[in-house]
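Worksheet: the structure to be examined is printed underneath.
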Amino acid sequence: MTLAKALDADQRADALHQLGSGELDVLVVGGGIVGVGAALDAVTRGLKVGLVEQRDLASGTSSRSSKLVHGGLRYLEMLDFALVKEALEERGLLLTRLAPHLVRPVPFLYPLEHAWERPYVGAGVALYDGMAMAGKYDMGVPKHKHVFRKQLARMAPDIRTDTLHGAIRYYDCQVDDARLVMTIARTAANNGAHVATRTKVTGFLRDGERVVGVRARDLEGQRDLEIRARVVINAAGVWTDEVQKLIGGQAQLDVDASKGIHLVVPRDRIRSECGFITKTEKSVLFVIPWGHFWIIGTTDTAWDYDLAHPAASKTDIDYLLGHVNRLLKDPLDHRDVIGVWAGLRPLLKPMRKEGDMGETTKLSREHTVTNPVPGLVLVAGGKLTTYRVMAKDAVDHAIRDFDATPASITDRVPLMGAWGHEARTNQRVALSRSSGLDVGVIDHLLGRYGGLVDELLELIHERPELGEPLPGAEHYLRAEVLYAATHEGARHLDDVLARRTRVSIETFDRGISAARPAAELMAEALGWDEAQVADEVDHYLRRVEAERQSQLMPTDQEADEARVKAPEIV
């Protein structure tokens, strides 16, 4: 077995060198879920591939989702059977083959407010399960079950059952979205893709009408480079309109940003064996188990402000608390909220140019691939669960004029950590004894690193102090912070506390106490001096304060003004 390639400083430097040398087959712009998926798809077809991301991996929408891998029950009600079938197949594939170490089943209760809902909702959920069982891949989760009022009271003691007619329990899946993106990027790099974060596209290289590459700037090294490629795939999500402006001419896609916010509350504030889901007048309310916490979401409102830092307002938070409290015996208030995040969904309005300049293919209601000018492909829309299909469609479209390129094989390429996960899980007690770590800690590591847990345990064997909890965030180990900087592409403190771990939303102080200990661990790997450690900590504290202030503001405009006072460190 070959050693897993690390996303570290040396890898990034080599990637930038390779990107600026010669010509790539495919350059992917955007390090979110679709971008990294496209890079993995293309490189495993045998193509020479690069990927650039202007900030960190998953720094946009892909770290701020509801963290669900699901078919989408609400699409059944919209009669979009093809979309639900596709998403359920991808759910099964991720759970059972591609990422069993990252994706896990979650039980949900659908409360029934009226007696007539039982046959109606029951039929829908039965169809949902049936479509999953009839798919190409294993279903991977238990079938649904009808729950009556007394059973519901035992399963969820804190849910108000006096006005309910029971519930239906069904299963979907969840994943740490940012960790999934990083793992796909690392898998792509291990297959030969050149991945460079903090590298911003500033323009396109043209040969007549054709795009033949991009001009980019290394934001860390403050240098410009030209990256040449036979085709460029833009997977910039809500930044798609900005990329189209660099092309010039009439845009082919109109992408609007819709804001969805989520709250994190302690697990002990809601006693329930399951999560639950119900409809609101504007959206869907999810209450999702998340380790020692619950995630409550989501909203769906237009956002016309800073795309990099969407902000949750007090109005947004009040909206979610108000709706979840209708279900609870003991209402939640602002004091129960540990963490808050806001993400932007790219809402797609496909347009077709006049004449023959380009072709737009509507591949599903959820995502679109378009070719505005020769040599450039745009992909936008979609959702986390179907990232692999979106990536495949984008690469298929990009290379349709290439000679004899193999078909996509990503349905048969397990992500890093999938190999060895089952065996290491069976060996969890033995790993606990040999490492000196509690079995619960081993389970935590297996759920984040899978078969790569050996790399963490080797670090701890060499330096036992790394097996100690991170001060201020005791549910993570010090080793995880160091590993994020040496193996997972983390370049700044924010990358670790907000994305490689979830300290920023899982601690009451939003990670303030953990900031300096984490920065000092990263300094070892990244060569920071004391001044840079202080700068990283100061930036993170400013970010936390800006987010807290934004969440006190009644309107989006005021929340945005408060949040943008803490810009990116690079």
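Its first residue numbered 543, the sequence shown is counted upward by one per residue in my numbering.
Glycine is no exception: its CB is placed at the ideal position from the N, C-alpha and C atoms.
Keep in mind that this is a model prediction, so the values were computed, not measured.
Proximity of residue i and residue j at Cβ, strictly below 7 Å
{"i": "G992", "j": "I1002", "result": "no"}
{"i": "L635", "j": "Y679", "result": "yes"}
{"i": "S607", "j": "D719", "result": "yes"}
{"i": "L582", "j": "T729", "result": "yes"}
{"i": "G750", "j": "R770", "result": "no"}
{"i": "L805", "j": "V882", "result": "yes"}
{"i": "A778", "j": "V785", "result": "yes"}
{"i": "T820", "j": "P699", "result": "no"}
{"i": "L569", "j": "G592", "result": "yes"}
{"i": "A584", "j": "V915", "result": "no"}
{"i": "P647", "j": "Y713", "result": "yes"}
{"i": "T744", "j": "R757", "result": "yes"}
{"i": "H909", "j": "G923", "result": "yes"}
{"i": "M673", "j": "L637", "result": "no"}
{"i": "I998", "j": "Y1025", "result": "In the sequence as displayed, the identity of residue 998 is Leu instead of Ile. Result yes, Cβ atoms of L998 and Y1025 sit closer than 7 Å."}
{"i": "L651", "j": "V774", "result": "no"}
{"i": "V1045", "j": "A1021", "result": "no"}
{"i": "G708", "j": "R691", "result": "yes"}
{"i": "A1088", "j": "K1107", "result": "yes"}
{"i": "D1102", "j": "D798", "result": "no"}
{"i": "V911", "j": "D935", "result": "yes"}
{"i": "T725", "j": "M932", "result": "no"}
{"i": "A731", "j": "K547", "result": "yes"}
{"i": "L920", "j": "L788", "result": "no"}
{"i": "A1067", "j": "A1040", "result": "no"}
{"i": "S800", "j": "L874", "result": "no"}
{"i": "D842", "j": "S825", "result": "yes"}
Whole-angstrom distance between residue j and residue i, CA atom to CA atom
{"i": "V1038", "j": "Q716", "result": "21 Å"}
{"i": "L561", "j": "V576", "result": "20 Å"}
{"i": "D1080", "j": "E1110", "result": "12 Å"}
{"i": "E1072", "j": "W832", "result": "35 Å"}
{"i": "L1063", "j": "L1012", "result": "10 Å"}
{"i": "V807", "j": "R639", "result": "32 Å"}
{"i": "A668", "j": "R660", "result": "11 Å"}
{"i": "W781", "j": "W836", "result": "30 Å"}
{"i": "R702", "j": "S814", "result": "12 Å"}
{"i": "L722", "j": "V955", "result": "14 Å"}
{"i": "M697", "j": "G885", "result": "31 Å"}
{"i": "S605", "j": "G579", "result": "15 Å"}
{"i": "R811", "j": "G864", "result": "15 Å"}
{"i": "H686", "j": "Q1091", "result": "42 Å"}
{"i": "G682", "j": "N968", "result": "19 Å"}
{"i": "P1006", "j": "G677", "result": "47 Å"}
{"i": "G763", "j": "E1100", "result": "34 Å"}
{"i": "T952", "j": "R930", "result": "7 Å"}
{"i": "S974", "j": "G574", "result": "35 Å"}
{"i": "A551", "j": "N867", "result": "47 Å"}
{"i": "R1105", "j": "D1036", "result": "15 Å"}
{"i": "L988", "j": "C816", "result": "22 Å"}
{"i": "R907", "j": "T927", "result": "A caution first: R907 carries a pLDDT of 45, below 50, which makes its placement in the model too unreliable to give a value."}
{"i": "H834", "j": "I1047", "result": "12 Å"}
Whole-Å CB distance - residue i paired with residue j, under 8 Å assumed
{"i": "D495", "j": "S855", "result": "The question about residue 495 has no answer here: the residues shown for the chain are numbered 543 through 1112."}
{"i": "V1023", "j": "G1053", "result": "Contact doesn't hold; Cβ gap of about 11 Å is too wide."}
{"i": "R587", "j": "S950", "result": "7 Å"}
{"i": "L589", "j": "T947", "result": "7 Å"}
Environment of residue i [buried if 16+ CB atoms lie within 10 Å]
{"i": "T840", "result": "buried"}
{"i": "Y662", "result": "exposed"}
{"i": "P852", "result": "buried"}
{"i": "F1050", "result": "exposed"}
{"i": "E1120", "result": "Lying before the first or after the last residue shown, residue 1120 is absent from the chain, which here runs from 543 to 1112."}
{"i": "E901", "result": "Legend: pLDDT at E901 = 41, less than 50; position of this residue unreliable, no value from coordinates given."}
{"i": "T741", "result": "buried"}
{"i": "T705", "result": "exposed"}
{"i": "E595", "result": "buried"}
{"i": "E511", "result": "Here the chain covers residues 543 to 1112 and nothing more, so residue 511 does not appear."}
{"i": "Q1093", "result": "buried"}
{"i": "H736", "result": "buried"}
{"i": "G614", "result": "buried"}
{"i": "L621", "result": "exposed"}
{"i": "G802", "result": "buried"}
{"i": "H559", "result": "exposed"}
{"i": "A657", "result": "exposed"}
### Message
Extract the residue ranges of the beta strand (DSSP E) inside the segment 743 to 790, only unbroken runs of 3 or more that lie entirely within it.
### Response
For the segment 743 to 790, whole beta strand (DSSP E) runs of length 3 or above, ordered along the chain, are 752 to 760, 765 to 776.
### Query
Unbroken alpha helix (DSSP H) runs of length 4 or more, entirely within the segment 1000 to 1058: which are they?
DSSP runs (the alpha helix (DSSP H)) wholly in the segment 1000 to 1058: 1020 to 1029, 1045 to 1048.
### Entirely enclosed beta strand (DSSP E) segments - the segment 792 to 821, minimum 3 residues
Residue ranges of uninterrupted beta strand (DSSP E) with 3 or more members, entirely inside the segment 792 to 821 and ordered along the chain, are 795 to 808, 817 to 821.
### Start-end ranges of the alpha helix (DSSP H) lying completely within the segment 816 to 874, minimum 4 residues
Contiguous alpha helix (DSSP H) elements confined to the segment 816 to 874 occur at 856 to 867, taking only those with 4 or more residues.
### Query
What runs of the alpha helix (DSSP H), each 4 residues or longer, lie entirely inside the segment 665 to 701?
Restricting attention to alpha helix (DSSP H) runs no shorter than 4 residues, the segment 665 to 701 encloses them at 691 to 697, ordered along the chain.
### Message
Suppose only complete runs of 4+ residues qualify. What are the alpha helix (DSSP H) ranges in the segment 561 to 631, listed by chain order?
### Response
575 to 585, 615 to 619
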